[in-house]
Each structure stands twice: as structure tokens, then as C-alpha cells.
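Under UniProt numbering, the letters of the sequence shown match residues 1 to 717, in that order. By construction, the Cβ of each residue, glycine as well, lies at the ideal position given by its N, Cα and C atoms. Everything numeric in this text was worked out from a predicted model, so none of it was measured. Right, one structure below, let's go through it.
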Amino acid sequence: MDTESSFSTRPEFFRTTLCLAYQSFGVVYGDLSTSPLYVYKSTFSGSLKPYQDENEIFGVLSLVFWTLTLIPLCKYVVFVLGADDNGEGGTFALYSLLCRNSKMGLLKTYYNFVHDNSISANNPKTSTDQETRTGLFIKQFFEKNYCSRVVLLLVVLLGTGMVIGDGILTPTMSVLSAVYGIRIKAPDLHENYTVFAACIILVGLFALQHYGTHRVGFLFAPILIAWLLCISGVGIYNILYWNPHVVCALSPYYIYNFFKRAGKDGWSSLGGVVLSIAGTEAMFADLGHFSKLSIRIAFTGVVYPCLVLAYMGEAAFLSKNKSDLRSSFYLAIPDAVFWPVFVIATLATVVASQAIISATFSIISQCRALSCFPRVKIIHTSNQIHGQIYIPEVNWMLMLLCLAVVIGFKDTDMIGNAYGLAAITVMFVTTCLMFLVICTVWKRNALAAFLFVTVFGFVELLYFSASLAKVHRGGWFPLVVSLVILTLMTIWHYGTSQKLEFELQNKISLDSLLNLGPSLGIIRVPGIGLIYSNVTSGVPPMFAHFVANFPAFHSILIFVTIQYVMVPKVSASEHFLVTRIGPSELCVFRCIVRYGYKDLRDSYKFETRLIENLAEFLRHECNGRGGGSGTEERRRAVFQCLKSGEEAVRELMEAKEAGVAYMTSNTYVQASEVSSYVKRLAINTIYGFLRRNSRDSATILGIPPSSLIEVRMAYRV
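This is how it looks when you write it as C-alpha cells:
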């Protein structure tokens with residue numbers, strides 16, 4: 001969301017920014033803010049031996065502090081948030097930037113339109129207009145190597161799959177960790193009761209999603225602010241009461257000393273430390289819901305200092321209490337405030353889940369628009385902030401998977417191993433894409449990009465290696481989920497591309513169709529016919545198939561092609577591109593409707609806007625016709641032209657009154673008999689299953705059933 005362009009006056013801008021910053025607590029920072037619940041517990045749950053003195057715990061605190069400083073504060077707040085795609089963030093936003101500024105894209109369906117000069121791409125400002133050698137080399141490398149473009153798309157889809165995996169693991173990890181605290185006061189309580197309580201909370205969380213991010217944000221923001229104040233207050237108390245010298249642990253010397261003493265066990269413990277930054281990617285993925293400034297204010301002003309105080313306070317408690325580390329967070333809470341903090345912690349974990357759920361909705365919406373995800377229903381829950389959406393199918397699927405993980409694993413240690421691997425993989429994918437953005441979009445020199453990927457990539461690879469070593473202890477789950485999602489998205493994109501390729505190869509010209517008119521006995525009936533297809537030139541095969549069997553079509557015919565381009569939003573004046581096909585007496589037009597991958601498509605106003613744009617086209621069409629040589633003759637020609645244009649508009653309105661019919665294809669895509677077994681499996685089985693179980697195009701387009709004509713046709717690809 002571009003707040004600065006939306007509000008002209010400075011006081012209103014500041015008011016709106018602060019309001020968005022307030023809402024962001026309830027949507028963006030829940031996951032990151034509840035990490036103190038399980039970081040120390042997960043860090044010391046592996047092969048790291050119970051510490052004998054305060055050096056080990058100080059070393060872990062130093063690791064947590066510098067990790068929070070390097071990754072969320074330096075990498076995301078300073079750099080990554082600046083790589084937005086016209087206010088949108090996430091993995092696909094970076095991919096969109098790369099594809100729009102070079103030929104790195106593999107999404108052929110939309111590629112030609114991305115580079116259409118008539119579309120206002122609103123490219124970000126770059127540091128220099130002169131292409132750097134490194135940027136030019138990278139662009140040429142991707143342009144010449146098809147395999148490199150395939151790998152880039154697969155990396156993007158891998159990151160997307162990991163984000164969706166986060167959407168499953170975050171609620172389970174957060175809620176289970178909070179509910180576990182009740183066993184501190186009731187140690188004999190069976191774990192099945194805590195699992196049941198966690199399931200009830202999760203069901204309630206997902207049931208709230210249909211209210212939208214706006215309402216959920218206002219509802220959850222006070223809870224998270226209260227949580228941050230609680231943990232920072234408890235942290236200050238523990239620092240002063242137990243060990244004020246814990247402040248010294250902020251020195252990086254303690255990291256060196258920690259690894260020197262712990263060795264390989266210290267490296268293994270990084271799989272727990274990485275949980276302190278789990279949820280960081282939500283700051284970028286949820287950018288479309290808020291603004292860069294609001295997210296930066298909330299993190300640097302509130303979230304970051306509160307988290308540092310919370311980790312320092314727990315470390316101060318542990319340095320003087322050789323207690324059970326599995327309950328260290330709750331044991332560090334003074335008895336007088338235990339139950340209020342427990343209640344707020346449970347509510348805060350619900351907020352934590354909201355961050356990644358919102359991010360999952362945003363990313364799946366982008367994938368669907370770019371034909372990398374099956375058709376799903378997308379509900380826009382806010383008229384003011386476009387990025388706030390709700391996807392019912394995804395919401396309930398996430399809920400079922402979360403419940404399955406809670407009931408199946410039960411152990412937060414195994415879930416934590418899976419959670420850490422998913423989180424760090426997404427961050428490393430972002431780092432790799434940022435390297436390309438710095439070189440080819442921002443056009444910085446190679447040294448800046450190299451320093452970025454070296455500093456942040458080294459830290460993330462260190463954590464990734466430690467998390468990968470725990471694959472056998474729960475780390476396999478995000479890998480399996482990501483692989484399944486990656487496979488489904490790849491097959492869906494491949495099947496959609498094969499379908500489009502078949503239509504392009506089997507389209508016919510309008511002249512060829514009209515030449516068959518006398519033999520077929522084609523007649524024209526009153527009304528407007530909207531023919532939806534992906535073909536941008538010629539006649540789509542499904543319409544030719546229809547006319548060959550039912551030789552009649554409407555008096556005004558409009559071939560409509562909806563194209564999603566790799567920009568977040570297309571201006572309203574550029575949505576509709578109307579052209580005439582054939583002689584004017586045929587009344588046949590083509591309308592290419594272009595949307596950005598984050599644009600709102602109002603199905604109910606679509607017909608009205610399309611006809612208004614066609615009427616405007618008819619009025620201005622005569623401007624290109626020549627007039628006479630003299631002034632009087634030119635005036636008569638212009639008058640006749642205007643009269644002709646108004647008559648055409650009147651005929652259009654009469655046809656609209658007669659009725660508007662919508663024609664779509666209900667295609668059955670099947671691999672040809674000579675195809676390989678892998679292709680037949682992908683197209684016939686998996687792609688066919690996804691098509692049958694996704695929403696049909698008529699529903700997505702909002703076409704009234706009474707006006708719908710569906711043409712069923714088999715495609716052999």
C-alpha cells in the first residue's frame with residue numbers, strides 16, 4: 001500500500017501512518033514477538049549440555065541479540081522493505097521486479113504484456129541510469145540460458161512453498177508453547193488436555209479470518225502491545241533482580257566464547273536460536289496490507305527493544321537458576337503476575353498466527369494471478385486498503401493441516417525443528433533474490449550486492465545448516481510440504497501454459513470463419529456476445545467449434561482476454577484496450593483487459609465498464625479518418641463522423657438492452673497419446689484433478705448463470 005500517494009496533507013499522512021503502525025502489531029509482529037516463549041527451550045533441548053555457569057547462557061543471549069539486529073533490523077527494515085513492488089512485498093514481488101526489468105521471467109503467458117510500453121510499470125527509481133557491468137552480465141546470462149530462468153522460478157516457488165509451510169507451523173508452535181504454560185501450575189495435567197485446548201484456540205483463530213485483516217488488526221493490536229509491555233516489564237524486573245551484569249552479554253565476545261566452549265554442540269543449538277527471528281519475513285510479505293514507514297516505526301520503536309529486554313531478562317533468570325529449561329519462560333515470571341501473563345501469552349499466540357496467515361493469503365493471491373496456483377475465491381475485506389484479502393479454501397485447509405500437526409506431533413521440540421528450517425529457507429531465498437535486485441533493478445555496483453549476500457547469506461546459511469541437521473527430528477515436515485506445493489504449482493503452471501499453446505496453435509482468422517458463413521448459414525441475433533479466451537489475436541478454437549455446430553452469434557461480438565501482468569497494479573485508464581476486428585459493418589471487437597497481480601477485479605461492474613470503454617472507443621474512432629481538403633469540407637466530414645459514432649453508440653446501447661451473453665470454454669486438457677508417462681501423469685492425473693476441484697472460470701469472473709454459455713472442448717496437448 002502506498003500511503004504517501006494516497007494522502008496529500010502531512011497531518012493526515014502522519015495520522016494514517018501511525019494508525020497503520022498500530023494495526024501492524026496485530027497482523028505483522030505476532031509471530032516474531034512470541035518467540036521468547038520457546039527460543040531458550042528449543043536451544044537447550046538438543047545436544048547442547050546443560051550449562052554449568054553463566055557463559056553458555058550469555059553466549060546464547062549474544063547470539064539472539066545480534067541475530068535480531070542483523071536480520072530483522074538491518075536486512076529487512078533497512079534493505080528489503082525498500083525493494084517493494086509498488087507497495088507490495090513478498091517473494092513474488094521481488095520476482096516481479098526482476099521480470100519487469102529484464103528477461104528473467106518464465107511466465108510466458110504474461111511476458112509480452114509486461115514489456116508493453118502502454119502499461120505504466122512505475123519502475124522504482126534507480127541509483128544511476130547507466131547499466132553496471134555486473135547487472136548487464138546477469139541480464140544477458142538469464143536471457144541466453146533457459147535453464148537459469150527455470151531454476152529462478154523454481155527457487156521463487158520453493159520460497160512460496162516454505163511461506164505456506166510457515167502458515168501451518170506458526171499457529172501450532174505458538175499456541176502449543178503458550179498452552180504448555182498451564183502445566184507449570186498443574187504438572188500432573190495430561191498433555192492431551194493441552195493439545196485439546198490448543199485445537200480449540202486454533203479453530204477459533206481461523207473462524208475469525210473472514211472478518212478481514214482490518215478488523216482483526218484492530219482487535220489483535222491491543223493484545224500484542226500488552227504482551228510486549230508484559231515481557232519487557234518482566235525482563236527489566238529479572239535483569240535488576242537476578243543479574244544486572246547480563247547487559248555485558250550484548251558483546252559479540254560471548255558468541256566467540258560460546259562456540260569455543262560448546263564446539264559442535266554450539267553449532268547444533270543454532271537450530272533453536274533461529275526461532276528468535278521466525279516470522280521476520282512477514283514484515284515484507286504483509287507489506288501490501290500496510291506501508292514501509294508504518295512497519296519500520298512499529299519494529300524499531302516498540303518490537304525490537306521489547307524483545308531485547310525480554311531475552312535479557314530470561315537470560316538473567318537462567319544465569320542464577322539451574323532449573324528445567326523446558327519451562328524457563330514461565331518459571332522466570334514472578335508468581336504475582338503469572339496468570340495475567342499466561343492469559344496474555346495465550347492470546348498473543350493467536351495474534352502470532354495471524355501474521356503468517358495474512359502473508360499466506362497475499363502470496364497465494366499473487367501466485368493465482370500469475371497462473372501458478374489453482375483458481376480460488378478471493379474476498380477483499382477492505383475498501384480502503386486493497387491488499388487485505390481472505391481466501392476461504394486456503395483458510396480452512398490451513399486449519400485442518402494445523403490441527404493435524406498439533407495432534408500428530410504434540411511435541412514442540414519437533415515442531416520447532418520444522419519451523420526453524422522453513423523460516424530460514426524463506427529468508428535465504430529472499431537474500432538470493434535481493435542480490436539480483438541490487439544488481440539489475442537498483443543498478444548498484446557488484447561490491448554492494450556482494451557485501452549484502454556475503455554478510456546476510458553467511459549468517460543464514462549457518463542457521464540453515466544447523467536446521468538441516470535436524471531433518472530426522474521434525475525438519476522433514478516443511479521440506480515435504482514445500483515439495484508438494486512446489487510440485488502442484490509447477491504442474492498447474494505447466495498445464496495452463498500447454499493449454500494456451502494449444503489455443504494459439506489452433507486459432508483461426510476471422511476471415512476464414514466468415515468465409516464459411518454461407519455454407520454454415522450463420523445468422524446474427526440481437527444482443528452483445530462476450531467471448532472469453534486467452535487468445536489475443538484471431539478467433540479462439542472454442543468459438544470456431546461453437547459456430548461450426550450452432551451457426552449463430554450476436555449482432556455485436558466482443559472477444560475478451562483478461563491478462564495479468566507482472567506489475568502490482570494497472571491504472572484504471574489502462575485496464576481496457578479496445579480494438580476493432582474486420583470491417584465496421586461486422587461489429588466485431590477485441591478487448592484486452594489488463595490487471596496487475598494485486599488489482600481488485602469487481603465482477604459486478606465489469607460489464608458496465610467494458611461497454612463504457614467500447615462506447616468511448618466508437619466515439620473517438622472517427623478521429624483517425626481523413627477529412628476534406630477545405631475547411632468547410634473538413635467540418636462536414638467531422639460532423640458526419642461524429643454522427644456515425646453516435647449512431648454506433650446508440651446501436652451498442654440497444655444491443656445491451658437486448659441482452660448480454662457470456663461465452664467461456666470448459667476445456668478438457670489431456671496429454672496426447674505419444675506423450676511420455678511423466679507428462680501424462682502431470683496433465684491427465686494431477687492437472688486434471690486440480691482443474692476439477694478448483695473454481696471454474698465463470699464463477700471467478702462473476703458471470704450470471706442465466707447468461708452463461710459454456711463450450712466444452714477437448715484439448716490434446
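- Residue burial annotation: Gln505 is exposed, with fewer than 16 other C-beta atoms found within 10 angstroms of its C-beta.
- Judged by beta-carbon spacing, Phe452 lies within the 9 Å limit of Met434, meaning their Cβ atoms are closer than that value.
- Secondary structure in the segment 540 to 586: the beta strand (DSSP E) runs of 3 residues or longer, each lying completely within the stretch, are 552 to 565, 576 to 581 in chain order.
- Per DSSP, the beta bridge partners of His380 are Ile389.
- The C-alpha of Val27 lies about 7 Å from the C-alpha of Ser358.
- Assignment of Met427 by DSSP, reduced to helix, strand and coil, places it in the helix class.
- For Leu681, no alpha helix (DSSP H) run applies, since DSSP gives it neither H nor E.
- If you look at Gly529, you'll find it in the beta strand (DSSP E) that goes 523 to 532.
- Looking only at Leu136, Ile231, Ile558, Cys19, the smallest Cα-Cα distance to Lys443 is reached by Leu136.
- For Val588, the enclosing beta strand (DSSP E) has its first and last residue at 588 to 596.
- For the set Phe329, Thr536, Tyr687, the Cα lying nearest the Cα of Thr487 is the one of Tyr687.
- With respect to the C-alpha of Gln498, the residue from Ser268, Asp166, Tyr715 having the closest C-alpha is Tyr715.
- Separation of Phe543 and His620 (C-alpha to C-alpha, rounded to the nearest whole angstrom) is 29 Å.
- Within the model, the alpha-carbon separation for Gln366 versus Gly272 is close to 32 Å.
- Burial is judged here by how many other beta carbons sit within 10 angstroms of a residue's own beta carbon; Leu189 has fewer than 16 and is exposed.
- In the displayed model, Glu612 falls within a helix according to three-state DSSP.
- Contact between the segment 196 to 203 and the segment 314 to 333 is not established, with fewer than three Cβ pairs separated by less than 8 Å.
- Excluding residues up to 5 positions away in sequence, Phe58, Leu61, Ser62 lie with their Cβ nearer than 6 Å to the Cβ of Ala249 in the same chain.
- Residue pairing of Val669 in beta bridges, as defined by DSSP: Tyr715.
- Of all C-beta pairs linking the segment 201 to 211 to the segment 302 to 316, fewer than three are shorter than 8 Å, placing the two stretches out of contact.
- Rounded to whole angstroms, the separation of the alpha carbons of Leu202 and Lys507 is 50 Å.
- Relative to Ala262, the option among Ile407, Val351, Val588, Thr43 whose CA is nearest is Thr43.
- The C-beta of Glu612 has fewer than 16 other C-beta atoms within 10 Å across all chains shown, which makes the residue exposed.
- Below 8 Å, enough C-beta pairs join the segment 367 to 380 and the segment 692 to 702 to call them touching: three or more.
- Across the set Tyr146, Tyr311, Ser291, the C-alpha of Ser291 shows the shortest separation from the C-alpha of Phe14.
- In the structure shown, Ile703 falls within a coil segment according to DSSP collapsed to helix, strand and coil.
- When C-alpha distances from Pro583 are compared across Asp511, Gln563, Asp265, Arg594, the shortest belongs to Asp511.
- Looking at the DSSP output, Asp85 bridges to Glu88.
- DSSP, reduced to helix, strand and coil, places Tyr662 within a strand of the structure shown.
- Leu708 sits in a strand when the DSSP states are folded into three classes.
- Burial check for Ala285: the Cβ neighbour count within 10 Å reaches 16 or more, so the residue is buried.
- The C-alpha of Glu646 lies about 10 Å from the C-alpha of Glu616.
- In this chain, Tyr180 is not harboured by any alpha helix (DSSP H), its DSSP state being neither H nor E.
- For the pair Lys569 and Thr608, the Cα-to-Cα distance works out to about 21 Å.
- Around the Cβ of Val247, a 10 Å sphere holds fewer than 16 other Cβ atoms; the residue is exposed.
- Across the set Thr667, Val302, Val669, Cys587, the C-alpha of Cys587 shows the shortest separation from the C-alpha of Arg650.
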